[in-house]
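Be aware that the sequence shown starts at 1, since it is given in the UniProt record's numbering, and climbs by one per residue. Ideal Cβ positions, reconstructed from N, Cα and C, are used throughout, including at glycine. All of these numbers come straight from a predicted model, not from anything done at the bench.
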Amino acid sequence: MFIRFLKPHRALRKYIRHYVNCEIGTDGSWTHSSMVPPGCAKLSITLNKDNIRVKENSREETKYEPITFVGQTTQYKNLAWRDRLHLFLVVFEPFGAFPLLGISQDCCQNQCIGFSALVGSSESFLEEHLAEKQETDDVRECVDRFFLKRIKRLTKRDEIKKLSHAIEKIKRCHRSRSSVKALCRETGYSLSTFERHMKKIVGVRPKEFQRIMRFNLCLDYISQQPKPLNWSRVAHRFGYYDQTHFIKEFKLFYGKTPAQHTSEDNHLLSDVAHRDKQPIDETV
1 MFIRFLKPHR ALRKYIRHYV NCEIGTDGSW THSSMVPPGC AKLSITLNKD
51 NIRVKENSRE ETKYEPITFV GQTTQYKNLA WRDRLHLFLV VFEPFGAFPL
101 LGISQDCCQN QCIGFSALVG SSESFLEEHL AEKQETDDVR ECVDRFFLKR
151 IKRLTKRDEI KKLSHAIEKI KRCHRSRSSV KALCRETGYS LSTFERHMKK
201 IVGVRPKEFQ RIMRFNLCLD YISQQPKPLN WSRVAHRFGY YDQTHFIKEF
251 KLFYGKTPAQ HTSEDNHLLS DVAHRDKQPI DETV
């Protein structure tokens, strides 16, 4: 398995967290990976195959297009894909997909959508330009060019700026149950308007986004601590009502209870969204 993290063009970094160039899986077999909600959307570009065979939660296999948009996920998924895949992933900031693609994100929740269906055939030239490209730098340049053209069409900049500020606050105040109401006062939105904007731009309601961020912080903490842990103390540390509430929510997002967590669990498709280390490859 090969993974390389890259930075997008400087003008795109407000909207795109990073790119990931990776090779996963083995030819002739199925590879399994769990997917926990990462709190952001992704664009998956497969460079070595036209038809991608995937099974979700052990259901019948589905074929995906080479360029597929993966919306916000709100629950655990067990994924399996056939053969070796060479992927180039665009990992958006939580609010980044909406302005760059111009698509309301609430209709993409828990969905994998073919790129041409998402942006229309007039914008599918990205697929044509990528068809003959295998070198990482060429792919990155092509993707950068596509999104730099789209950034010129941005509308509702003030609305996006307000939401990006609110999202950073939610990340920092994940333990506070009153932070969403406080953000409404700060942004000047009513609760219903704030929820509507969050669903459209981020893909989930504010409290749901807060729960996903809290879960990911909790998962990082558990992964770094020696076992066994006192789960009641962990629940209190991250602002859950009690241990029962913590375990129930953890299982919704993780597929297993906290006690069943092991360092061997494979969450590759989610981990690429949470790279703490700065990507080393940078564009101008």
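Just to confirm, is the Cβ distance from residue i to residue j under 7 Å?
i    : j    : result
V90  : V272 : no
E169 : L183 : Correcting the residue identity first, residue 169 is Lys in this sequence and not Glu. Yes, these two residues count as a Cβ contact at 7 Å.
V54  : W30  : no
K171 : M213 : yes
W231 : P206 : no
T73  : N110 : yes
I103 : L126 : no
E93  : R145 : no
C218 : F238 : yes
What did DSSP end up calling residue i once you bin it into helix, strand or coil?
i    : result
E135 : coil
E93  : coil
C40  : coil
E56  : strand
K181 : helix
F238 : coil
K14  : coil
N78  : strand
T46  : strand
E186 : helix
L219 : helix
T73  : coil
E65  : coil
V284 : In this prediction, V284 has a pLDDT of 45, which is less than 50 and means its spatial position is unreliable; what the coordinates show is noted afterwards. Three-state DSSP puts V284 in coil, outside helix and strand.
K277 : Per-residue confidence for K277 stands at a pLDDT of 48, beneath the threshold of 50, marking its modelled position as unreliable; no derived number is given.
How should residue i be labelled, buried or exposed, when 16 other C-beta atoms within 10 angstroms of its C-beta is the threshold for buried?
i    : result
S164 : buried
K42  : buried
T26  : exposed
K162 : buried
N57  : exposed
What separation, rounded to the nearest whole angstrom, lies between the Cα atoms of residue i and residue j?
i    : j    : result
L6   : T62  : 29 Å
Y76  : Y254 : 5 Å
Q243 : T136 : 46 Å
C142 : L130 : 7 Å
K49  : L87  : 10 Å
F95  : R13  : 12 Å
R4   : R140 : 12 Å
P8   : K152 : 16 Å
T187 : K181 : 10 Å
Closest by CA to residue i, which one among the options?
i    : options                : result
L148 : L101, P94, I222, H261  : L101
C112 : E127, G96, E65, E93    : E65
I24  : M35, F2, R10           : F2
G114 : P94, K152, R145, T46   : T46
S33  : L79, N51, R59          : L79
M35  : N216, H245, P228, R196 : N216
Would you say residue i touches the ligand ATP, meaning its beta carbon is less than 6 Å from a heavy atom?
i    : result
D158 : In terms of ligand content, the structure shown is empty, and the ligand ATP therefore cannot be addressed.
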